[in-house]
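J.:
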Amino acid sequence: MVLETVRTYLSSIQEESDKQVHLRATNTIRLHTLRALILKDTISSDQVRIYINRSRPIVNKMANEGRLLAIQDGRVLRFPRWQFDRKSESGLLPHLGEILGVMDASPFRKAAWFVTKNPRLKDRTPLELLRTGEAQPVLEEARALVGS
9 MVLETVRTYL SSIQEESDKQ VHLRATNTIR LHTLRALILK DTISSDQVRI
59 YINRSRPIVN KMANEGRLLA IQDGRVLRFP RWQFDRKSES GLLPHLGEIL
109 GVMDASPFRK AAWFVTKNPR LKDRTPLELL RTGEAQPVLE EARALVGS
């Protein structure tokens with residue numbers, strides 16, 4: 009009887025362990041896929057420099073200060089293309105710096121957040137709302153973002 013109880017217990021631990029391994033693997037694949045999708049639509053710091061008519065040190069300073077979103081890709085910074093707006097005087101999406109400034113997350117997490125549908129934003133992405141001039145709800149949601 010005791011031996012059967014031990015076997016059942018060990019079997020349940022193994023099943024739980026297998027589930028955890030599967031979940032971790034699935035999450036890792038999702039993260040790598042999302043990262044690849046985000047990096048696919050990025051530009052280099054030289055391209056940013058030309059686009060917003062600033063020097064490379066200024067572009068890097070803007071990224072370091074959180075006024076531009078930059079994602080580390082190996083030894084280079086990549087900038088999501090969606091944060092730029094040719095119609096804007098600064099060349100940047102309006103309210104971007106303000107929103108980036110209140111977010112408590114890694115650059116990758118921030119980039120993913122901007123392009124992910126949010127139920128509290130009526131299943132629209134923060135980026136969609138910003139492009140239509142609806143900055144206030146995006147700013148409120150950005151303040152709530154915490155993560156790595």
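The opening position of the sequence shown corresponds to residue 9 in this note's numbering, with each subsequent residue numbered one higher.
C-beta atoms are modelled at their ideal positions from N, C-alpha and C, and glycine is treated no differently.
Mapping the DSSP letters down to three states, classify Asp26 as helix, strand or coil.
T.: If DSSP states are grouped into helix, strand and coil, Asp26 belongs with the helices.
J.: Is Arg86 near Ile60, with beta carbons less than 9 Å apart?
T.: No.
J.: To the nearest angstrom, report how far apart Gly141 and Asp26 are at their CA atoms.
T.: Cα to Cα, Gly141 sits roughly 47 Å from Asp26.
J.: For the beta strand (DSSP E) containing Asp81, name the first residue and the last one.
T.: Segment 79-81, the beta strand (DSSP E) holding Asp81.
J.: Does the Cβ-Cβ distance between Leu47 and Asp93 come in under 9 Å?
T.: No. Outside cutoff.
J.: Should Gly8 and Gly74 be called a contact, given that it needs their Cβ atoms to be closer than 9 Å?
T.: Residue 8 falls outside the range modelled here, since the chain spans only 9 to 156, and no answer is possible.
J.: Kindly provide the ranges of any beta strand (DSSP E) runs that are 3 or more residues long and lie completely inside the region 42-120, ordered along the chain.
T.: Entirely contained in the region 42-120, the beta strand (DSSP E) runs reaching 3 residues are, in chain order, 50-52, 79-81, 84-88.
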